[in-house]
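Participant: First residue of the sequence shown? That's 76 in my numbering, and the numbers climb one at a time after it. Virtual Cβ for every residue (Gly too), placed ideally from N, Cα, C. For clarity, every value in this text was computed on a predicted model and none was experimentally measured. Structure incoming, see below.
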Amino acid sequence: MGMVGIVLGSGLGVLAEEVDITNEVDFTEAGLAVSTVPGHAGKFLFGKLGGTDVCLMKGRVHLYEGHGAEAVTAGVRWMAEHGVSSLVLTNAAGSVNRDFTPGEWMMLSDHLNLTGASPLSGASFIDMSVAYDAAWRADFRKVAKGQGMKLNEGIYAGLRGPQYETPAEIRMLRTVGADAVGMSTVLEAIQARALGLRVVGFSCLTNWAAGMQENLNHEEVLETGKSAARVMARLLKEVIAAREAP
């Protein structure tokens with residue numbers, strides 16, 4: 076499998092507690108922009124998870140902070156340059172699907188890039204028919220079932236933000252097939268596939284989308300993410316360790 080990269084979304088930094096850290100590199104040392112959003116620390120952590128070499132990207136920058144698509148995906152390129160060949164993308168998202176309850180996880184089967192941006196402008200065409208690796212997803216599905224973890228699967232809609240969506244926009248997203256909505260991940264997945272990395276993605280469903288609950292706030296997103304991160308850490312550890320076993 077080689078080194079596994081894991082991008083940690085809002086409130087999911089506690090996943091780093093499961094890794095035996097051997098080295099840290101700040102985003103500024105790596106020449107990357109640093110996020111101003113709470114819950115995004117801005118550092119790379121090298122170590123081992125389940126006996127496997129991993130590189131955690133703790134925090135990310137976003138289009139809504141004023142960065143371009145190239146800056147948003149710089150961390151993916153940096154990890155690829157430093158030995159990462161498989162990438163786990165995580166995010167905090169709002170649930171659009173009424174069957175997917177906040178506090179649960181959704182594995183991405185596909186995505187909708189509604190950001191109006193791409194990190195590949197000026198580059199050659201990239202096939203996105205299978206953005207998220209089918210075999211790796213099957214591994215996660217099997218292990219999650221064995222652990223008794225409810226792992227939803229669905230389509231993630233990536234928007235620019237920073238405002239949360241209106242109820243009308245959520246109805247539109249549901250109509251076009253979205254199950255969850257957030258403000259990251261899609262550009263990173265595109266960049267990773269362009270680099271030949273194997274990709275899998277997970278949304279921590281931290282809240283109902285607009286029109287499905289009374290109000291939305293970032294503090295709620297962070298708190299729900301922290302509690303759900305323990306469940307994801309257990310899943311990641313077992314799947315990653317199993318792929319390394321002879």
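For the stretch 263-273 against the stretch 171-179, do three or more pairs of beta-carbon atoms, one drawn from each stretch, fall closer than 8 Å, so that the two count as touching?
Facilitator: Too few Cβ pairs lie closer than 8 Å, so no.
Participant: Which same chain residues, not among the five before or five after residue 154, have their C-beta less than 6 Å away from its C-beta?
Facilitator: So the qualifying residues of the chain are 80 and 130.
Participant: Which one or two residues does DSSP pair with residue 163 in a beta bridge?
Facilitator: DSSP, once it has assigned bridges, lists 81 and 275 as partnering residue 163.
Participant: If you compare alpha carbons, which of 284, 276, 252 and 317 is closest to residue 239?
Facilitator: It is 284 whose Cα lies nearest to the Cα of residue 239.
Participant: Just to confirm my understanding: we take residue 123, look at its own chain, exclude 5 residues before and 5 after, and list those with CB closer than 6 Å. What are they?
Facilitator: The answer, listed in chain order, is 95.
Participant: Closer than 6 Å by C-beta to residue 277: which residues in its own chain qualify, once you throw out the five before and the five after it? Chain order, please.
Facilitator: Cβ neighbours of residue 277 beyond the five flanking positions: 165, 180 and 182.
Participant: Please specify which runs of the alpha helix (DSSP H), each continuous and at least 4 residues long, are wholly inside the stretch 105-158, giving them in chain order.
Facilitator: Qualifying alpha helix (DSSP H) stretches, in chain order: 144-147 and 149-156.
Participant: Using the beta-carbon count (16 or more within 10 Å), is residue 282 buried or exposed?
Facilitator: Buried, since its Cβ has 16 or more Cβ neighbours within 10 Å.
Participant: Where does the unbroken beta strand (DSSP E) through residue 99 begin, and where does it stop?
Facilitator: Per DSSP, residue 99 belongs to the beta strand (DSSP E) from 95-101.
Participant: Which same chain residues, not among the five before or five after residue 272, have their C-beta less than 8 Å away from its C-beta?
Facilitator: These residues qualify, in order along the chain: 80, 151, 155, 159, 160, 161 and 162.
Participant: Ends of the alpha helix (DSSP H) at residue 233?
Facilitator: It is not in any alpha helix (DSSP H) - residue 233 instead sits in the beta strand (DSSP E) that spans 226-233.
Participant: Give the secondary structure of residue 182 by DSSP, where H, G and I count as helix, E and B as strand, and everything else as coil.
Facilitator: It is a strand residue.
Participant: Nearest by alpha-carbon distance to residue 234: which of 203, 257 and 223 is it?
Facilitator: Minimum Cα distance to residue 234 is reached at 257.
Participant: Going by alpha carbons, who is nearest to residue 222 out of 311, 143, 89 and 102?
Facilitator: Of the listed residues, the one whose Cα sits closest to residue 222 is 311.
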